[in-house]
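A.B. asks: Per our numbering, numbering through the sequence shown is continuous, rising by one, with the last residue being 455. Every residue, glycine too, gets a C-beta built ideally from N, C-alpha and C. The structure that follows is given in the form of structure tokens.
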Amino acid sequence: MKTAIPPQKPALRCNGLNRFFDQVMALTIREKRLRTLLLEPIRKHKPRYILDVGCGTGTLALLLHRQFPGARVFGLDGDETALVIARQKNAVAGWPVILDQGLSTALPYPDEGLDIVTCILLLHRLSDADKKQSIGEMRRVLTSGGTLMLADWDKPASELIGLLFLGLQLFDGFDTQKANVHGLIPAILYDSGFKQITQTGHVTTLLGTLAIYRAKL
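Rendered as structure tokens:
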């Protein structure tokens, strides 16, 4: 029997706003720049299996397919309303991506089966315990020598950016973003078993500072 997925908090708080998610991302976080920086460190890889955790409306998963046409790409999200949009995009593109509903804390994939895992702007929405559980799950499903590419909010780059980031914290919740604000994501990655951790870039946005990490086993 398939395990029921508990209702998930939508990225924009309200399911009805999910149809505007792509536009909001483009306007507020320099999405194109972020995704370019995320994919650049793995550009020369030749993966067989890739997973985008917290795939939302499926934009990054489709980009991964285009960058790695020989790989099998999976996208996973807990929000069914976001996945409806992702499936529409996927249908237009010819169904190149396998989209699954599930939780980052219990990835429905076998141990050591994936070569690359990506994750953008998911961790800041999770409790510290769920952050650790999710990163542990990403480690579990990666093959030996596999790569995790992660992008999320980090310590604000300036006092002004810090003030702007307060608005996002009010929106998403202060408790879930403490580890991000204090720059603790690399420590969580290390404690979860990733030993080669590099910050490969950052993006200053209207909402705060995004850090991009490459973590290898």
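With a threshold of 8 Å, are at least 3 pairs of Cβ atoms found where one atom belongs to the region 435-448 and the other to the region 387-395?
C.D. replies: Output reads yes: the region 387-395 touches the region 435-448.
A.B. asks: In whole angstroms, give me the CA-to-CA distance for E278 and R268.
C.D. replies: Against the sequence shown, residue 278 aligns to sequence position 40. Against the sequence shown, residue 268 aligns to sequence position 30. Cα-Cα distance, rounded: 16 Å.
A.B. asks: On the DSSP bridge list, what partners appear for V379?
C.D. replies: Taking the sequence shown and counting its residues from 1, one reaches residue 379 at position 141. According to DSSP, V379 bridges with nothing at all.
A.B. asks: Would you report the Cα separation of H420 and T295, rounded to the nearest angstrom?
C.D. replies: If you number the sequence shown from 1, residue 420 lands on position 182. If you number the sequence shown from 1, residue 295 lands on position 57. So the two alpha carbons sit approximately 29 Å from each other.
A.B. asks: Measuring CA to CA, which of T297, A331, R310, G446 is closest to P285?
C.D. replies: Within the sequence shown, residue 285 is the residue found at index 47, counting from 1. P285 has its Cα closest to that of R310, out of T297, A331, R310, G446.
A.B. asks: Please report how far the alpha carbon of K416 lies from the alpha carbon of W391, in whole angstroms.
C.D. replies: Numbered from 1 along the sequence shown, position 178 holds the residue referred to as residue 416. Numbered from 1 along the sequence shown, position 153 holds the residue referred to as residue 391. Going from the Cα of K416 to the Cα of W391 covers about 10 Å.
A.B. asks: Buried or exposed for I336, going by 16 or more other Cβ atoms inside 10 Å?
C.D. replies: For the purposes of this step, residue 336 is taken as residue 98 along the sequence shown, with counting starting at 1. By the neighbour-count rule (16 or more Cβ atoms within 10 Å), I336 is not buried but exposed.
A.B. asks: Starting from Y428 and walking both ways along the alpha helix (DSSP H), at which residues does that stretch end?
C.D. replies: Locating residue 428 in the sequence shown gives position 190, counting from the first residue. Run containing Y428: 423-429, per the alpha helix (DSSP H) assignment.
A.B. asks: Measuring CB to CB, does I373 end up less than 8 Å from S430?
C.D. replies: For this step, residue 373 is matched to residue 135 along the sequence shown. For this step, residue 430 is matched to residue 192 along the sequence shown. Closer than 8 Å, so yes.
A.B. asks: Just the C-alpha distance for K270 and P348, rounded to the nearest angstrom, thanks.
C.D. replies: Locating residue 270 in the sequence shown gives position 32, counting from the first residue. Locating residue 348 in the sequence shown gives position 110, counting from the first residue. So the alpha carbons of these two residues sit roughly 31 Å apart.
A.B. asks: On the DSSP bridge list, what partners appear for R452?
C.D. replies: Counting from one through the sequence shown, the residue named residue 452 turns up at place 214. Paired residues: M387, T436.
A.B. asks: Using 8 Å as the threshold, is the C-beta distance between P334 and H303 below it?
C.D. replies: Working through the sequence shown from its first residue, we reach residue 334 at position 96. Working through the sequence shown from its first residue, we reach residue 303 at position 65. Cβ distance < 8 Å, so P334 and H303 count as in contact.
A.B. asks: For I280 and C293, what's the separation of their Cα atoms in angstroms?
C.D. replies: Numbered from its first residue, the sequence shown carries residue 280 at position 42. Numbered from its first residue, the sequence shown carries residue 293 at position 55. Between I280 and C293, the C-alpha separation is close to 18 Å.
A.B. asks: State the CB to CB distance for the pair A453 and L388, rounded to an integer number of angstroms; the pair is presumed to be in contact (CB under 8 Å).
C.D. replies: Walking along the sequence shown from the start, residue 453 turns up at place 215. Walking along the sequence shown from the start, residue 388 turns up at place 150. Right, the Cβ-Cβ distance comes to about 7 Å (below 8 Å), so this counts as a contact.
A.B. asks: Among residues of its own chain, excluding the 5 on either side of Y287, which ones have a beta-carbon nearer than 7 Å to its beta-carbon?
C.D. replies: Along the sequence shown, read from residue 1 onward, the residue named residue 287 stands at position 49. Within the same chain, Y287 has close Cβ partners A309, R310, G351, L352, D353.
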